[in-house]
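In our numbering, the protein residues as written are 18 to 256.
All C-beta atoms in this analysis are idealised placements derived from N, C-alpha and C, irrespective of residue type, glycine included.
The structure appears below as structure tokens.
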Amino acid sequence: MVKLSNFSSIFVANWKLNGNIEFIKEYYQKLLPNSENCTVICAPDIYLNILEPNNKFLYSGSQNVSFYNLGAYTGELSAMMLKDNEIKFCIVGHSERREFFNENNNMVKQKSINLIENNIIPIICVGETLDEKNKNMTQDVLTEQITNSIPEISNYKNTIIAYEPIWAIGSGLTPTLDDIEKVHSFIKNIKIKFNQFKILYGGSVKASNSRDINNLQNVDGCLVGGASLKVDEFNRIIS
Ligand code: PGA
């Protein structure tokens, strides 16, 4: 398992359903990983094998894994298969998977267990909708998601949490710095053990706001969607 304590910050590129072989070749020619930080590129699974091999500060991650480990489950990829392909990280419970693929906390928890048992670090995503935020439900929603989707075996060495307010994803909107800091600090205090967890912020991170966000005391890096598809911009985020 990658030793998270070696890095001051962790930056994860979530390409979602984007990219092709040409794009990857050009991307890796231009990508400038920073040796103080951990950079993780989560491309669509079919391309994971052709990404540049992992090194001390650049890794490949998946965007999803099967709930199952083996058997008659057409179209699925197991944690063991990801491990066989040198995958070190995997996003789990992204709001798009929760919304479009009916992923619930229980599934997120089981997927995370499968990953940890295969020495892959799950990046477990949580976050509130705009409606929930407006009803002042953010803390309740996060407590419920975190309590039910993070397994007992998770600890600060084998699991990362990503706070992604759903209303901030792909919208160009972000919470205020003060709000991000408050939410991250709240998450770290839901259980004593979360105090040491790395917590990433995600949702409309770009080169122009990443430094301020990442400099917050309780922010340990960023999960970047749209802006990670532009390699020059992503280079500025991870620099
Ligand atoms: P965004 O996406 O950076 O495009 O808002 C973030 C995410 O979905 O992880």
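Cβ-heavy atom distance, residue i to the ligand SAM, below 8 Å
i, result
"Val-200", "Looking for the ligand SAM in the displayed structure turns up nothing; the ligands present are the ligand PGA."
Proximity test, residue i beta-carbon vs the ligand PGA heavy atom, cut-off 8 Å
i, result
"Glu-43", "no"
"Ser-79", "no"
"Ala-244", "yes"
"Gly-187", "yes"
"Val-3", "No statement about residue 3 is possible, as the shown extent of the chain runs from 18 to 256 and does not include it."
"Asn-31", "yes"
Neighbour-count burial assignment, residue i, 16 or more Cβ in a 10 Å radius
i, result
"Gln-162", "buried"
"Asn-54", "buried"
"Ser-171", "buried"
"Ile-209", "exposed"
For residue j and residue i, the rounded distance between their alpha carbons
i, j, result
"Val-236", "Ile-38", "33 Å"
"Leu-190", "Leu-147", "11 Å"
"Pro-192", "Ala-89", "43 Å"
"Thr-11", "Arg-114", "Residue numbering for the chain in the displayed model covers 18 to 256; residue 11 lies beyond these limits and cannot be assessed."
"Lys-33", "Ala-60", "7 Å"
"Ser-256", "Lys-42", "20 Å"
"Asn-135", "Leu-65", "17 Å"
"Val-222", "Cys-239", "7 Å"
Expected contact under 8 Å - CB spacing of residue i and residue j to nearest Å
i, j, result
"Val-143", "Ile-177", "In fact, because the Cβ distance is near 11 Å, the residues do not count as touching under 8 Å."
Inside the segment 141-168 only - alpha helix (DSSP H) runs reaching at least 4 residues: 147-151, 155-166
In chain order, which continuous runs of the beta strand (DSSP E) of length 3 or greater are located wholly inside the segment 31-70? 55-59
Fully enclosed by the segment 107-131, which alpha helix (DSSP H) runs are 4 residues long or longer? 112-117
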